[in-house]
């Protein structure tokens with residue numbers, strides 16, 4: 001197969017990955033002095049912060065997914081290719097993909113990260129990750145299917161296992177999905193599943209650390225823990241999952257939980273790309289870069305977002321946090337630097353500006369840390385809604401999400417809890 005991208009006299013920038021970093025970089029370079037080629041294994045961009053709402057039946061997948069070809073309609077010298085990148089040839093300057101070789105003048109790796117199972121193949125095969133829209137749909141189907149089965153199960157032990165849900169991981173993703181499922185239990189189960197005793201639905205949050213939301217202040221951690229306990233989430237920490245076999249999740253503290261639904265959000269590791277020298281790869285597979293986001297040991301290759309680890313920043317000696325804002329700010333820096341290089345000017349180093357961190361726990365409950373201020377409750381929850389709604393692409397999607405949130409806030413009578421099976 002051939003990628004079928006005609007060369008021009010413009011410098012070609014190939015972007016691997018259409019996440020928040022890669023997409024923002026493409027937007028900033030398109031229609032400029034570059035030919036832009038975006039390569040992604042999916043034909044759509046997905047908005048990671050709201051994936052958990054798809055998993056819990058709060059939003060349709062199309063509300064947070066946007067086709068790349070629609071986003072770049074009418075733009076000149078832009079090409080999208082849906083493909084998996086198998087390797088990078090930094091000497092001959094091309095990437096080897098499932099649709100053929102694609103040459104580059106500048107290569108930007110924005111391939112993101114995937115779920116980290118810490119080498120446990122059994123857990124990887126039996127638990128449910130939540131890093132993509134596809135995985136969120138699978139998780140939604142599993143939760144709803146198990147509730148359907150629980151209604152017709154006569155054996156008490158099997159019924160309990162179908163109703164128990166375990167979330168492994170105490171970061172933002174774990175806290176948010178645990179809160180969303182707890183809200184589902186509180187407001188939906190009794191109405192949609194009248195033959196089930198909703199009080200018998202138990203939600204466990206297993207966290208290996210001493211506290212939830214380890215990247216936030218202990219005050220925010222305690223508030224999040226209190227809010228989850230108010231929603232009757234059983235928090236088990238510090239202990240980590242050691243085994244999930246025959247429908248039993250075991251932890252390091254000797255706890256055994258019978259369950260048919262284990263949600264694994266215990267960490268991430270960089271997606272792997274072949275072709276990079278050993279000295280280019282750092283902790284958790286992240287690509288080591290200098291302050292200009294240039295990958296160590298190779299030329300004309302940059303890395304941004306979750307897959308990158310910037311060295312030399314005294315404020316972040318272990319690398320910047322793997323957050324959306326980091327990727328977007330890095331994309332902005334690289335766009336400016338590539339344009340500067342085209343004009344013979346000197347590039348400028350990447351400097352991360354921490355705009356704050358937030359996590360939502362449930363209706364009217366969230367925690368936020370912005371500009372040194374720490375707060376929670378309804379103000380943090382309302383701010384979380386506004387920030388994420390502004391970040392969504394497209395007026396139609398913003399409108400649909402807002403209407404869903406308003407309708408859900410009033411009565412929870414949504415029609416999104418569908419078990420959709422692809423044949």
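Residue numbers (the UniProt record's numbering): 1 to 423. Glycine is no exception: its CB is placed at the ideal position from the N, C-alpha and C atoms.
Less than 8 Å separates the beta-carbon of residue 137 from that of residue 54. The beta carbon of residue 151 sits closer than 8 Å to the beta carbons of 193, 195 and 196 from its chain, once the five residues preceding and following it are set aside; these are given in chain order. Sorting 374, 368 and 314 by C-alpha distance to the C-alpha of residue 350 places 314 at the top. Listed in chain order, the beta strand (DSSP E) elements of length 3 or more contained wholly in the segment 353-397 are 357-362, 365-370 and 373-376. Minimum Cα-Cα distance from residue 6 among the listed residues 76, 71 and 69 corresponds to 76. In this structure the segment 152-171 lies against the segment 251-270, because at least three pairs of beta carbons, one per stretch, are closer than 8 Å. Below 8 Å, too few C-beta pairs join the segment 33-42 and the segment 54-63 to call them touching: fewer than three. Restricting attention to 362, 242, 231 and 399, the CA atom closest to the CA of residue 384 is found in 362. Pairing residue 43 with residue 79 gives a Cβ-Cβ distance that is not under 8 Å. Within the model, the alpha-carbon separation for residue 41 versus residue 154 is close to 44 Å.
When DSSP reads this structure, residue 40 sits in a beta bridge with 82. About 6 Å separates the CB atoms of residue 352 and residue 326; that is less than 8 Å, so the two are in contact.
Between residue 336 and residue 347, the alpha-carbon positions lie close to 8 Å from each other. CA-to-CA, the gap between residue 318 and residue 118 works out to about 19 Å. The beta carbon of residue 181 is closer than 8 Å to those of 56, 143, 165, 167 and 203 in its chain, skipping five residues each way along the sequence. Annotated three-state conformation of residue 239 is coil, per DSSP. Counting every other CB atom within 10 Å of its CB across the protein chains shown gives residue 306 a total of 16 or more, marking it as buried.
Spatial neighbours of residue 213 in its own chain (CB-CB distance under 8 Å, excluding positions within 5 residues in sequence) are listed in chain order as 170, 171, 172, 175, 220, 221, 224, 359 and 367. If you draw a straight line from the Cα of residue 298 to the Cα of residue 379, it is about 47 Å long. Looking from the CA of residue 9, the closest CA among 105, 198 and 321 belongs to 105. Excluding sequence positions up to five before and after residue 28, its CB lies within less than 6 Å of the CB of 335, all in the same chain and listed in chain order. Comparing alpha carbon positions, the residue from 89, 107 and 139 closest to residue 419 is 139.
The straight-line gap separating the alpha-carbon atoms of residue 179 and residue 355 is approximately 24 Å. Here residue 11 has 34 and 105 as same chain residues with Cβ atoms under 6 Å from its own Cβ, once five neighbours each way along the sequence are excluded. Cβ contact annotation for residue 146 (same chain, cutoff 7 Å, sequence separation greater than five): 162, 260 and 261, in chain order.
Burial state of residue 376 is buried, judged by a 10 Å Cβ sphere holding 16 or more other Cβ atoms. Just so you know, the alpha carbons of residue 50 and residue 135 end up roughly 13 Å apart. Secondary structure at residue 288: strand, using DSSP grouped into helix, strand and coil. Take residue 401, set aside five residues on each side of it, and the residues of its chain with a beta-carbon closer than 7 Å to its own are 59, 63, 389 and 392, in chain order.
Between residue 329 and the set 291, 341, 364 and 386, the nearest pair of CA atoms involves 291. Short of 8 Å from the beta carbon of residue 211, and not among the five residues preceding or following it, lie these beta carbons of its own chain, in chain order: 170, 218, 221, 222, 225 and 237. Taking the CA atoms as reference points, residue 284 sits about 43 Å from residue 190. For residue 321, the closest C-alpha among the options 89, 333 and 304 is that of 304.
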